[in-house]
Amino acid sequence: MEDKVREIIANHRGEESKLLAILHDVQDEFGYIPRDAMKIIAEELGMKPGEVYDTASFYSFFTFRPAKHVIRVCNGIVCNLKGSEEIIKAIEAKYGIKDGEISEDGNFLLQVVECIGRCDGPPAMLVDDDSYGNLTPEKALEILRRYEE
Ligand code: FES
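Under the working numbering, residues 1 to 149 are what the sequence shown spells out, in order.
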């Protein structure tokens, strides 16, 4: 994790207000802002960890705990042509989350991704390491029910 966080910080070197951009990239990478990432960011930017936390906690789109399950819905071209956006909308509506967000109960993180190598059965999604293809919105929600707590 540490190497990735340092790489993200390095990508923003020289930018004026880079803290938010760094936090966004960390959230995208890990699905949340790990405590250790805040320490590294603070160290690299010459801030106190509390200052990084204060900034991050001001914005509702940053989260500080990992989700139990990660849903990755493919919205690559093949899946998109077969209706992946309807699946994304159904998941967003059911669990009250958008791309990059964690459900209120901490159970699901939703990530919309480009291609998960299931172009043979579009539209497709991954739940953790399990892959599912030929989805409809109903089928996707039925699958996700199995991962509810
Ligand atoms: S485009 Fe969706 S799996 Fe490849």
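Ideal Cβ positions, reconstructed from N, Cα and C, are used throughout, including at glycine.
Answer yes or no: do residue i and residue j have a C-beta to C-beta separation smaller than 8 Å?
i           : j           : result
residue 108 : residue 97  : yes
residue 88  : residue 144 : no
residue 123 : residue 110 : no
residue 112 : residue 99  : yes
residue 49  : residue 56  : no
residue 19  : residue 45  : yes
residue 140 : residue 90  : yes
residue 114 : residue 76  : yes
Compare the Cα-Cα distances from residue i to each of the options and report the closest residue.
i           : options           : result
residue 93  : 137, 82, 114, 128 : 137
residue 35  : 129, 131, 76, 53  : 53
residue 2   : 31, 20, 38        : 38
residue 31  : 87, 148, 64       : 64
residue 119 : 126, 127, 133     : 133
residue 67  : 95, 142, 122, 11  : 95
residue 62  : 47, 28, 75, 72    : 28
residue 58  : 23, 8, 42         : 23
residue 7   : 110, 26, 122, 33  : 26
residue 128 : 73, 4, 80         : 73
residue 148 : 80, 104, 82       : 104
Inset, instruction - Ignoring anything shorter than 4 residues or poking outside the segment 22-109, list the alpha helix (DSSP H) runs there in chain order. - result: DSSP runs (the alpha helix (DSSP H)) wholly in the segment 22-109: 35-45, 49-58, 77-81, 84-95.
Legend entry - Any heavy atom of the ligand FES within less than 5 Å of residue CB: hits in chain order: The answer, residue by residue, is 74, 76, 78, 79, 115, 116, 118, 119, 124.
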